[in-house]
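Single-structure report; data block below.
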Amino acid sequence: MFNKKKPNLESIQKLKNYFIKKYGIPDSTILSVAELNCHEPDCPPTETVVTARSIDGSTKNWKIHKPIDEISENDVNDLENNNH
20 MFNKKKPNLE SIQKLKNYFI KKYGIPDSTI LSVAELNCHE PDCPPTETVV
70 TARSIDGSTK NWKIHKPIDE ISENDVNDLE NNNH
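With this note's numbering applied, the sequence shown covers 20 to 103.
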């Protein structure tokens, strides 16, 4: 019941690096990564949400409909900058 596999820390850092590279995210911005599971109809079974919190208080969110360990740099490059 509670044996959910946790994402690999290396995969999380790699994902953060993809975002830093693509969007030029400065060191002062906090990047959070969350892998969410959904059990409702019309909802992807697993999605990853990346949130950038800037020093000025603004935030940006991106969603990728894959588990963290399966996300490639191409998935990040295919995102639109205004994804919410």
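From the three backbone atoms N, C-alpha and C, an ideal C-beta is built for every residue, glycine too.
Since the model is a prediction, treat every value here as computed from it, not as a measurement.
- Contact between the region 59-68 and the region 36-47 is absent, with fewer than three C-beta pairs closer than 8 Å.
- N36 is the residue among E54, V52, N36 whose C-alpha sits nearest the C-alpha of D46.
- Around the beta carbon of E54, 16 or more other beta carbons sit within 10 angstroms, so the residue counts as buried.
- In summary, T78 is exposed, with fewer than 16 beta-carbon neighbours lying within 10 Å of its beta-carbon over all protein chains present.
- Take the alpha-carbon of P86 and the one of T67: they are about 6 Å apart.
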